[in-house]
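Shown next, in structure tokens, is the structure this report addresses.
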Amino acid sequence: MSFDFDAPFERTGTDSEKWAKYAGRDILPLWVADMDFAAPPAVIAALHARVAHGVFGYNLPTASQTQAVVNYLARQFAWVVAPEWIVWLPGLVSALNVACRAVGEKNDAVFTVTPIYPPFLSAPKLAERRLVSVPLIQGKHHWEWDFDAVDAALEGSSTKLFLLCHPHNPTGRAWQIDELTQLARLAEKHDLVICSDEIHNGLILSAPHQHRVFATLSGDIAARTITLMAPSKTFNIPGLGCAFAVISDASLRHKFTTAMRGIVPHANALGMAATEAAYRTCDAWQAALLDYLRGNARAVENAVANIPGLAMHPVEATYLAWIDAREFAQQRGINTPASPAQYFEAHGLGLSDGAAFGTPGFVRLNFGTRRALLDDALKRLKAACQ
Numbered sequence: 000m001s002f003d004f005d006a007p008f009e010r011t012g013t014d015s016e017k018w019a020k021y022a023g024r025d026i027l028p029l030w031v032a033d034m035d036f037a038a039p040p041a042v043i044a045a046l047h048a049r050v051a052h053g054v055f056g057y058n059l060p061t062a063s064q065t066q067a068v069v070n071y072l073a074r075q076f077a078w079v080v081a082p083e084w085i086v087w088l089p090g091l092v093s094a095l096n097v098a099c100r101a102v103g104e105k106n107d108a109v110f111t112v113t114p115i116y117p118p119f120l121s122a123p124k125l126a127e128r129r130l131v132s133v134p135l136i137q138g139k140h141h142w143e144w145d146f147d148a149v150d151a152a153l154e155g156s157s158t159k160l161f162l163l164c165h166p167h168n169p170t171g172r173a174w175q176i177d178e179l180t181q182l183a184r185l186a187e188k189h190d191l192v193i194c195s196d197e198i199h200n201g202l203i204l205s206a207p208h209q210h211r212v213f214a215t216l217s218g219d220i221a222a223r224t225i226t227l228m229a230p231s232k233t234f235n236i237p238g239l240g241c242a243f244a245v246i247s248d249a250s251l252r253h254k255f256t257t258a259m260r261g262i263v264p265h266a267n268a269l270g271m272a273a274t275e276a277a278y279r280t281c282d283a284w285q286a287a288l289l290d291y292l293r294g295n296a297r298a299v300e301n302a303v304a305n306i307p308g309l310a311m312h313p314v315e316a317t318y319l320a321w322i323d324a325r326e327f328a329q330q331r332g333i334n335t336p337a338s339p340a341q342y343f344e345a346h347g348l349g350l351s352d353g354a355a356f357g358t359p360g361f362v363r364l365n366f367g368t369r370r371a372l373l374d375d376a377l378k379r380l381k382a383a384c385q
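If you want it as structure tokens, here you go:
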């Protein structure tokens with residue numbers, strides 16, 4: 000079966016946050032992380048069937064929906080999960096905030112690295128925790144951990160929770176087993192709970208890489224890990240509001256669900272139906288999507304490589320390119336309060352500002368769109384730099 004990712008979809012004038020930001024302006028929106036592709040046909044069919052039922056009362060997860068998740072995790076990652084380990088959620092941002100409230104006490108520290116998806120930086124503060132962070136290293140071939148700096152930051156910092164983004168947003172790294180093993184050793188050494196955001200696990204683009212669920216490293220690591228997942232990124236259904244945590248340790252799971260009480264609503268009924276369909280019947284669509292995204296990633300990498308002042312590492316996972324524009328900004332005299340993102344916006348490209356990720360001078364480009372639109376965007380990028 001073939002799938003057409005080149006089909007144009009009109010998103011202007013709809014409820015799209017991504018496209019509404021620049022309504023009425025000639026700016027291509029390549030910022031927020033949703034794709035411009037239709038959801039898989041099987042997901043759309045499942046939604047039609049659920050809507051046709053006509054009753055949308057309060058919903059609980061069905062045994063079939065839960066089993067679809069269990070089966071998917073076993074099939075994709077050889078991860079055997081008990082149904083009772085699954086905690087259904089309306090989204091991962093709320094889950095990050097719940098984790099910060101569930102682990103430790105007021106004024107304890109939460110650790111993460113930068114650059115990082117912005118809610119990782121805001122959730123600790125909203126939970127009245129202190130944020131401790133160190134920067135990743137921009138290595139020769141890819142972004143890397145500075146394990147010594149991580150160890151030093153954790154030492155004596157009263158850190159109780161480690162927020163891990165795996166695969167990593169925004170750098171596009173697919174962390175490998177040796178890196179994950181070193182992080183696991185640090186978590187054990189400093190007696191940390193790990194909240195591992197693995198929402199991009201189905202978007203591995205680099206052929207040599209595979210996603211290894213952090214909780215599968217060992218029994219001790221599983222007992223101290225909150226794994227967050229959702230079908231929203233891989234199958235482009237973020238607006239349907241359905242995610243889940245997998246927490247094998249009963250005590251940790253109780254702390255998490257207690258922190259949810261009164262503030263976190265149920266997962267959306269249509270989102271639940273879509274999740275089941277995505278996890279049961281959309282492997283072929285996912286494989287075709289990955290092939291298409293690999294072509295888009297190569298197009299972005301080739302374009303950036305030929306623009307003086309810009310640089311990026313190859314994207315191993317996600318549909319997000321993390322572009323270093325610091326040299327370009329210096330050449331053009333783009334300094335605070337201006338930013339490269341503002342400069343590119345003025346030249347018809349809506350990109351995410353690296354400052355929001357804790358790393359000013361970078362921009363994040365979402366290449367999860369049809370090739371013709373991406374080609375237009377890359378022409379604008381080149382023209383802006385000329």
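Here the sequence shown is numbered in numbering that gives the first Met the number 0, starting from 0 and rising by one per residue.
Where a beta carbon is used, it is the ideal one built from N, C-alpha and C, also for glycine.
On a predicted model such as this, the values are computed, not experimentally measured, just so you know.
Return no unless some Cβ of chain C is closer than 8 Å to the Cβ of R10. Among the protein chains of the structure shown there is no chain C, as only one such chain exists.
Could you tell me which residues DSSP puts in a beta bridge with E143? On the sequence shown, position 144 is the one that residue 143 refers to. Beta-bridge partners assigned by DSSP to E143: I136.
If we count Cβ pairs, one from each stretch, closer than 8 Å, do we get three or more for the region 366-383 versus the region 292-305? yes
Ignoring anything shorter than 3 residues or poking outside the region 86-167, list the beta strand (DSSP E) runs there in chain order. 108-113, 129-134 and 158-164
State the start and end residues of the unbroken beta strand (DSSP E) segment that holds V69. Counting from 1 along the sequence shown, the entry for residue 69 is found at position 70. Boundaries around V69 are those of the alpha helix (DSSP H), A62 to F76, since no beta strand (DSSP E) includes it.
By alpha-carbon positions, which one of Q64, A32, H253 and W144 ends up nearest to A45? Position 46 of the sequence shown, counted from the first residue, corresponds to residue 45. Among Q64, A32, H253 and W144, the Cα nearest to that of A45 is on Q64.
Of the choices G240, L239, F255 and G238, whose alpha-carbon is the least far from that of I246? Position 247 of the sequence shown, counted from the start, is the residue given in the question as residue 246. The candidate whose alpha carbon is nearest that of I246 is F255.
Tell me the rounded alpha-carbon separation between R223 and I115. Sequence index remark: in the sequence shown, residue 223 carries index 224 (1-based). Sequence index remark: in the sequence shown, residue 115 carries index 116 (1-based). Approximately 22 Å between the Cα atoms of the pair.
N-terminal and C-terminal residue of the beta strand (DSSP E) that M228 is part of: In the sequence shown, the residue the question calls residue 228 occupies position 229. Run containing M228: T224 to M228, per the beta strand (DSSP E) assignment.
Cβ of K159 within 8 Å of Cβ of L120? Position 160 of the sequence shown, counting from 1, holds the residue named residue 159. Position 121 of the sequence shown, counting from 1, holds the residue named residue 120. No, they are not a contact pair.
Count the other CB atoms within 10 Å of the CB of T180; is the residue buried (16 or more) or exposed (fewer)? Numbered from 1 along the sequence shown, position 181 holds the residue referred to as residue 180. Per the 10 Å Cβ criterion, exposed.
Assign I193 to buried or exposed, taking buried as 16 or more other Cβ atoms, counted over all protein chains shown, within 10 Å of its Cβ. Within the sequence shown, residue 193 is the residue found at index 194, counting from 1. Note on I193: 16 or more other CB atoms within 10 angstroms of its CB, so buried under the neighbour-count rule.
Cβ contact (3+ pairs, closer than 8 Å) linking the region 101-117 and the region 160-173: yes
Can you find at least 3 beta carbon pairs, one from the region 170-189 and one from the region 218-234, that sit closer than 8 Å? Under the 8 Å Cβ criterion, the region 170-189 counts as touching the region 218-234, having at least three qualifying pairs.
Ignoring anything shorter than 4 residues or poking outside the region 14-46, list the alpha helix (DSSP H) runs there in chain order. Those alpha helix (DSSP H) runs which fall completely within the region 14-46 and span 4+ residues are 16-19.
Go ahead and label D196 buried or exposed: buried means 16 or more other beta carbons lie within 10 angstroms of its beta carbon, across all protein chains shown. Your numbering for residue 196 matches position 197 in the sequence shown. Counting Cβ neighbours within 10 Å, D196 comes out buried, since at least 16 surround it.
How should M0 be labelled, buried or exposed, when 16 other C-beta atoms within 10 angstroms of its C-beta is the threshold for buried? Residue mapping note: residue 0 aligns to position 1 of the sequence shown, counting from 1. In this structure M0 is exposed. Its beta-carbon is surrounded by fewer than 16 other beta-carbon atoms within 10 angstroms.
Nearest neighbour of D150, chosen from K188, C241 and G270 [CA to CA]: Numbered from 1 along the sequence shown, position 151 holds the residue referred to as residue 150. Among K188, C241 and G270, the Cα nearest to that of D150 is on K188.
Residues in its own chain within less than 7 Å of L72 by CB, not counting five upstream and five downstream? Indexing the sequence shown from 1 puts residue 72 at position 73. Excluding residues within five positions, the ones whose Cβ falls inside 7 Å are W78 and V80.
Kindly indicate which three-state DSSP category D352 falls into: helix, strand or coil? On the sequence shown, residue 352 is found 353 positions in, with the first residue counted as 1. The answer is strand: DSSP assigns D352 an E or B state.
Taking the C-alpha atoms as reference points, what is the distance between D290 and L204? In the sequence shown, residue 290 corresponds to position 291, counting from 1. In the sequence shown, residue 204 corresponds to position 205, counting from 1. Using only the alpha carbons, I get a separation of about 8 Å.
Does the distance from the CB of R370 to the CB of D5 come in under 8 Å? Stepping through the sequence shown from its first residue, residue 370 is reached at position 371. Stepping through the sequence shown from its first residue, residue 5 is reached at position 6. It is a contact, given that the beta carbons lie within the stated cut-off.
Which parts of the region 260-345 are runs of the alpha helix (DSSP H), unbroken and 4 residues or longer, counting only runs that do not cross its ends? Counting only runs of 4 or more, we get 268-280, 282-304, 325-331 and 339-345.
Anyone know if the C-beta pair for S132 and V112 falls short of 8 Å? Numbered from its first residue, the sequence shown carries residue 132 at position 133. Numbered from its first residue, the sequence shown carries residue 112 at position 113. Yes, the pair counts as a contact, with Cβ atoms nearer than the cut-off.
Taking the beta strand (DSSP E) that R363 belongs to, which residues open and close that run? If you number the sequence shown from 1, residue 363 lands on position 364. Looking at the DSSP string, the run of the beta strand (DSSP E) that includes R363 is F361 to N365.
Under the assumption that A387 contacts R128 (Cβ atoms under 8 Å), give the Cβ distance between them as a whole number of angstroms. This structure cannot speak to residue 387, because the chain is shown only from 0 to 385.
Residue nearest to W321 in terms of C-alpha spacing, selected from I176, A340, A67 and Q329: Numbered from 1 along the sequence shown, position 322 holds the residue referred to as residue 321. It is A340.
Look at the Cβ atom of N96, then the Cβ atom of L125, and state whether they are nearer than 8 Å. The residue labelled residue 96 in the question sits at position 97 within the sequence shown. The residue labelled residue 125 in the question sits at position 126 within the sequence shown. Yes. Within cutoff.
Determine the contact status of R379 and H346, defining contact as a CB-CB distance below 8 Å. Here residue 379 corresponds to residue number 380 of the sequence shown, with the count starting at 1. Here residue 346 corresponds to residue number 347 of the sequence shown, with the count starting at 1. Yes, these two residues count as a Cβ contact at 8 Å.
I need the straight-line Cα distance from P28 to L153, nearest angstrom please. Position 29 of the sequence shown, counting from 1, holds the residue named residue 28. Position 154 of the sequence shown, counting from 1, holds the residue named residue 153. In this structure, the CA atom of P28 is about 38 Å from the CA atom of L153.
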